[in-house]
Amino acid sequence: MEVEGTDWRDKPNDYLQWWLDTSQDTCPILLMRRMLSFNFAAIHSTSHTFAQALLKLAENPQYVQVLRDEVEAVVNKHGWTKDALSEMRKVDSFFKETQRFEGISILALTRIAMSDLTLADGTFIPQGTVLAFPVHGMHHDDAVFENPNAFEPFRFAETRNKESNGSGNQMTSLSPDVLSFGLGTHACPGRFFAATVLKTMMAHIVMSYDVKLEDDTCRPQTLRVGRSIVPNPAAKVMFRKRVQ
Ligand code: HEM
C-alpha cells in the first residue's frame, strides 16, 4: 500500500484488506490477532454446524429426496443464485433445527457485568460477574418447543409457512428462543455468510449424491469438550454419485 496508494489492479477484497483500509493502526501483531480471532469465530462454527447437519442427513437418508426436490425446484426457477437460496426453506430449516438440536456450545451469550446490576426479580449480579445462557438446555425446553428431543428438520419451515412474511423463523433470524447465533449487539455478524455457505454446500450435496452412514451403522455420539459440542470425528458418511 505504501507503493500503490489506496487502489491498484487486483487489490484484494477481503477481511485483511478491509482492516488495512480502515484501521489507523496497521501494526502486524494487531492485524494477526484480529485475523486469528476472526478465524476462530468463523471456521470451527461453520464446519461443526455442517458436519452435524450432514450426519443428521446420513442418519435420516429419507430426507435427501425431500431436500433435493426443493433445491431442484428453486434452482430451475432462479438458477444458482441468492434468490434460490432464500427460497430453500426446507434446507434452511434443516440447519436451524440442527443448530437447535446440536449446536456448537452448551453455553452462549457470554457476557461480563460491567457494573453492579439488580434484575427485575431481585437477583443481584455484582460487577465483574461472568454470565452465560445455557442455550443447549433452552433449545430443549418443552415449554418453548413441541417435542424438543426429536429432530424435526422441517419444524421451522412449517412455522415460516404460517407466518405472514416468513422471515421470523429463518436460520439467520435472532430470537430469545433460538440463540444459536447469539442475540443483541454482539450477535454473530457472520451468520448471513455462514448460512449462504452452508445452504450452498448442502444443496450441492443433495443434488449430486445420496448419503448414508457407513454400512448402516449407528452414528457415533456427539462429543462434549468443555462447553463445546463437537461432532464425533470417528463418524463416517458414505457418498454415492446420484443416479439420474
Ligand atoms: C454456523 C456458523 C456460526 C455460528 C453457529 C456462529 C455463532 C456465533 C455466536 C453464538 C456468537 C456469539 C454471539 C453473542 O454472544 O451474542 C458469534 C459471534 C461472532 N461471530 Fe459467529 N458463528 C458462525 C459463523 C461465523 C462466521 C462465518 C463469521 C465470520 C465470517 C463469524 C464471526 C463472528 C464474530 C466476529 C463474532 C463476534 C461478534 C461480537 O462480539 O460483536 N461467525 N458467532
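Following the numbering used here from start to finish, the sequence shown increments by one per residue and tops out at 516.
Where is the CB? At the ideal position from N, CA and C, for every residue including glycine.
Being a predicted model, the structure only gives us computed values, none of them experimental.
Here the alpha carbons of G456 and F367 stand approximately 21 Å from one another. Excluding its 5 nearest sequence neighbours in each direction, P448 has C-beta neighbours in its own chain below 8 Å: L455, listed in chain order.
Checking the 7 Å criterion, the Cβ of H458 is within range of a heavy atom belonging to ligand 1.
For G462, the distance from the CB to the nearest heavy atom of ligand 1 is below 7 Å. Secondary structure at M510: strand, using DSSP grouped into helix, strand and coil. Every beta strand (DSSP E) stretch that sits fully inside the segment 399 to 463 and reaches 3 residues is listed by chain position as 402 to 405. When the five nearest sequence neighbours on each side are left out, the beta carbons in the same chain lying within less than 7 Å of the beta carbon of L292 are those of M273, T298, in order along the chain. Residue nearest to H408 within the set A392, T401, L381 is L381 (criterion: CA-CA distance). The segment 460 to 472 makes contact with the segment 309 to 327, as at least three CB pairs between them are under 8 Å.
Assigned with DSSP and collapsed to three states, S480 falls in helix.
Distance from V502 to H320 at the Cβ level is roughly 7 Å; contact confirmed, criterion being Cβ atoms closer than 8 Å. By the neighbour-count criterion, in which 16 or more other beta carbons inside 10 Å mark a residue as buried, M386 falls on the exposed side. Between ligand 1 and F310, a heavy atom-to-CB distance of less than 7 Å is present. Of the candidates M307, W290, P333, the residue whose Cα lies closest to the Cα of Y481 is P333. Distance from the Cα of F511 is smallest, within the candidate group K484, D355, E374, I397, for K484.
Straight-line spacing of the CA atoms in F310 and L379 works out to 19 Å. Residue side-chain check: I376 places its Cβ nearer than 7 Å to a non-hydrogen atom of ligand 1.
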